[in-house]
Every structure is written in C-alpha cells, then in structure tokens.
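So that you can map any letter, position 335 of the sequence shown is 399 in the numbering used here, and since no number is skipped, the others follow by simple counting. C-beta atoms are modelled at their ideal positions from N, C-alpha and C, and glycine is treated no differently. Notes follow once the structure below has been shown.
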Amino acid sequence: MLETPPIWFILLAFLAAIGPLVFFHELGHYLVGRWFGVGAETFSIGFGREVAGWTDKRGTRWKVGWLPLGGYVRFTGDMDPASMGQGLDKLSPELRAKSFHAKPVWQRALVVAAGPIANFLLAILIFAAFLAWNGAPRTPAVVGGVLAGSPAASAGLIENDRIVAVDGRTVDRFDDLADYSRLRPGEEIVLVVEREGRRFAVPTRLATVTESDRFGQTYRIGRLGIATTNRVFEPVPAAELLPEAVRITAATIEKTALGLWQIITGRRPIEELGGPIKMAQVAGQVASIGWFEFVQLLAFFSINLGFINLLPVPMLDGGHLALYAVEAARRRPLGAQAQEWLFRGGLAALMTLMLVATVNDLTQVGLWQRLGDMLG
C-alpha cells in the first residue's frame with residue numbers, strides 16, 4: 065500500500081487539477097457568449113476576494129478568487145445568480161444590446177450549455193492524445209480462468225468461453241464486461257456465451273466485493289469471478305482517434321450517471337458520495353504516481369464537472385437549461401417570485417449535498433475516528 069502524500073502536495077495537485085478544468089468550463093460560456101455579442105463584465109476562477117487580476121480592452125475583469133472551488137462569468141445584465149431577465153427595461157439601449165438576458169432563449173441556452181460541453185471536449189482531446197501516444201488497450205472478452213466458488217463458476221463458465229453480450233449489450237472487450245459488472249454489486253445479469261461455435265444464455269448473480277485501492281480507500285463493486293487473457297495496446301489509426309475518444313467519454317458519462325442513480329435509489333450507499341476533500345485527496349494520490357496518470361485523471365474530473373453541471377438543479381447550468389426549456393414552451397419566462405423560490409430550493413439542495421459529501425470525505429480521511437480517540 066502506498067503512503068498518502070503530504071498535505072502541501074495534495075493541495076498543489078488539487079489546484080493544478082481544478083484550476084484548468086474550471087477555466088475551460090467558464091471559457092466555454094465566455095466564448096459562445098462573445099460569439100452572440102454578449103458583453104462580459106467578469107471572468108473569475110475561484111470565489112471570494114480577488115487575489116490577482118487584470119482588465120482587458122473590452123472591459124472584462126479577469127481575476128482569481130481566494131476560494132478555488134469553482135468560477136463564473138458575469139455577463140452584462142446579470143444582476144445576480146438568479147436573474148432571468150428581470151429589470152431589462154432599466155438598462156440603457158447600449159447595455160441592453162449586450163445583455164445576456166436580452167438574447168433569444170436558444171442563444172442563452174447555447175451559452176449555458178457551452179460550459180459542460182467544453183469539459184467534455186477537453187476530456188475527448190486528452191483521451192485522443194493518450195490513444196495516439198499509447199494505443200488503445202484491448203483485452204478480448206475470453207475466459208482465461210474461473211475463480212472457485214464465484215458466480216462464474218456457479219454459472220458453469222469454463223476456460224476459453226467468449227462473452228459476447230451481457231443483458232443485451234454487446235461485449236467487444238473484457239473491459240466492457242468488467243465495467244458493467246463493477247457498477248452492479250449483488251445484481252442478477254444474463255450473459256451470452258460462445259463456446260465451440262455455439263451461443264447460449266447464462267443467468268447469474270454478481271458477487272459483492274469490498275476492495276481497497278493502493279491508498280487504502282474502500283469501494284463496493286460487483287464481481288463475476290473470471291480471469292482474462294493479457295491486455296495489449298493496439299495502434300489506433302488517426303481517423304479513429306476522435307471517435308474512440310468520444311466513445312470513452314460517452315461510456316464514462318454513462319457510468320457516472322448510473323453510479324449517481326444507484327446512490328439516489330439506495331442501491332449504493334450514500335457514503336460513496338465524495339466532495340472537494342475527496343477530489344483533492346485523489347488528485348494528490350494520483351499525482352504522486354506520475355504526471356501521465358494525473359493527466360488521465362484530469363479527463364475523468366473534467367467529465368464529472370461537466371456532468372454535474374448538467375443536472376437539472378437551479379443554480380447549476382442544467383437548472384438554467386430547464387428554465388429556458390420552460391420559457392421556450394410558455395413563450396415567456398417564469399415570474400420573478402417563482403424563479404426566486406426555485407433558486408432558493410436549488411441552493412438549499414446544493415448546500416445539503418455539499419454537507420453530506422464533506423461529512424463523507426472527513427469520514428474517509430479518519431477525522432471522526434481521531435476525534436473519538438482524543439475524546440476517549
């Protein structure tokens with residue numbers, strides 16, 4: 065087991081991870097906003113008091129805040145985070161022409177969606193670069209061995225069986241099967257197995273296993289109980305780099321959505337929900353392994369940031385998009401009071417989520433146990 069890096073290293077790794085991801089996210093908003101002629105008053109990485117900054121020739125203040133847990137672009141006419149076009153009549157014609165909320169709803173929706181899309185594009189570029197550098201990892205979905213007493217043994221799988229599908233999904237590589245199983249501890253699945261040219265369906269229930277990573281952190285996963293053949297890295301033709309990177313990104317988004325849904329529905333414990341402390345810890349741990357692994361981690365963090373921001377919760381990009389959909393359907397925005405209550409509810413939900421995630425993070429790092437030992 066590897067030792068956890070020192071606090072200063074974890075903090076530096078966290079800043080090196082969150083800074084570029086927030087910058088790309090906000091840059092997506094900013095660039096699409098500028099494309100539609102929206103003025104930008106502030107481009108901030110971090111919240112709170114300004115640590116450093118400068119003003120460009122367009123009058124946009126680019127700054128870094130002391131609390132590096134996000135960022136924002138304040139467009140012209142954005143009076144507050146919940147503003148949805150109220151008070152446009154009080155703006156001068158010049159400011160109204162550059163106001164975000166004076167733009168058509170489809171343009172506002174594209175500006176808002178551009179942040180998460182930028183995060184997904186960044187992940188795609190990182191994955192494409194790694195595929196060009198290393199090739200694509202390929203492991204045939206062929207049984208190399210069966211663990212005694214495992215679900216695979218109970219299902220009658222034998223060496224050289226090829227798994228061609230699971231629950232109706234085609235399996236091209238062992239990773240497809242492993243990823244699918246890992247997220248479904250204790251669930252029943254149906255495999256389609258090919259043996260000596262013959263195909264047949266095999267139902268089985270996955271085992272639930274608690275694993276520890278190299279840093280001692282524990283996770284509940286599903287396991288089938290088969291060994292596989294050796295992994296190889298196959299060169300990827302230049303024309304297939306982006307499509308393959310898109311496939312990896314889409315698969316990661318799907319797994320992220322499924323994991324969140326399992327927590328919401330109680331199929332996975334809420335203790336698995338992590339927050340900024342967990343993110344910082346993982347960033348420091350992976351950075352201690354090497355820059356290669358750290359850049360890969362940035363791709364997964366970028367996908368998570370984009371995904372979370374698309375959740376239909378007021379105060380997040382997805383919440384704004386939901387309100388724009390309502391506005392497009394009604395041909396007018398919701399009233400000011402309805403918007404205010406929605407954003408208050410969204411803020412309360414986010415604060416509750418952050419509190420739960422922080423408690424989980426502090427539990428993971430052993431704070432409560434240490435306090436108990438001190439008081440005991």
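Evaluate residue i with the Cβ neighbour count: other Cβ atoms within 10 Å of its Cβ, from every protein chain shown; 16 or more gives buried, anything less gives exposed.
i, result
"E283", "Note that residue 283 is Tyr in the sequence shown here, rather than Glu. By the 10 Å Cβ count, Y283 comes out exposed."
"E441", "Any question about residue 441 goes unanswered here, given that the chain covers just 65 to 440."
"A182", "buried"
"P132", "buried"
"P168", "exposed"
"D52", "No answer is possible for residue 52: it lies beyond the span of the chain, which begins at 65 and ends at 440."
"R262", "exposed"
"Q401", "exposed"
"N373", "buried"
"V176", "buried"
"V350", "buried"
"G141", "buried"
"T313", "buried"
"S108", "buried"
"P69", "buried"
"F139", "buried"
Does DSSP put residue i in a helix, a strand or coil?
i, result
"V390", "helix"
"T106", "strand"
"P145", "With a pLDDT of 41 at P145, under the threshold of 50, the modelled position of this residue cannot be trusted, and the question is left open."
"V300", "coil"
"A200", "strand"
"L322", "helix"
So, at 8 Å on beta carbons, what are the nonlocal neighbours of residue i in its own chain, with the 5 sequence-adjacent residues on each side left out?
i, result
"G134", "V86, G110, F111"
"N198", "F297"
"R226", "P204, A205, V206, V207, V257, E258, R259"
"V300", "L195, A196, G199, A200, E308"
"V273", "P249, R284, I285, G286, R287"
"L270", "P215, S245, R248, P249, G250, E251, E252, I253, G286, R287, L288"
"M415", "none"
Among residues of its own chain, excluding the 5 on either side of residue i, which ones have a beta-carbon nearer than 7 Å to its beta-carbon?
i, result
"A146", "Its pLDDT being 42, under 50, A146 is placed unreliably by the model, and nothing is read from it."
"A413", "V377"
"V359", "I190"
"G92", "A178, G179, I181, A182"
"Q171", "F100"
"G117", "R125, W126, K127, V128"
State the CB to CB distance for the pair residue i and residue j, rounded to an integer number of angstroms; the pair is presumed to be in contact (CB under 8 Å).
i, j, result
"I74", "G339", "The pair is not a contact, with the Cβ atoms about 14 Å apart (cut-off 8 Å)."
"G250", "G286", "7 Å"
Using a Cβ-Cβ cut-off of 6 Å (strictly less than) and excluding sequence neighbours within five positions of residue i, which residues of its own chain qualify?
i, result
"R396", "none"
"L255", "I227, V230, V266"
"T119", "R125"
"V423", "none"
"T292", "T203, G208, F238"
Is the stretch 359 to 378 close to the stretch 83 to 98, with three or more CB pairs under 8 Å? yes
Are at least three pairs of beta-carbons, each pair with one atom in the stretch 187 to 194 and one in the stretch 303 to 317, less than 8 Å apart? yes
Do the stretch 191 to 205 and the stretch 235 to 244 touch if we need at least three Cβ pairs shorter than 8 Å? yes
The stretch 325 to 344 / the stretch 377 to 387 touching (three or more Cβ pairs under 8 Å): no
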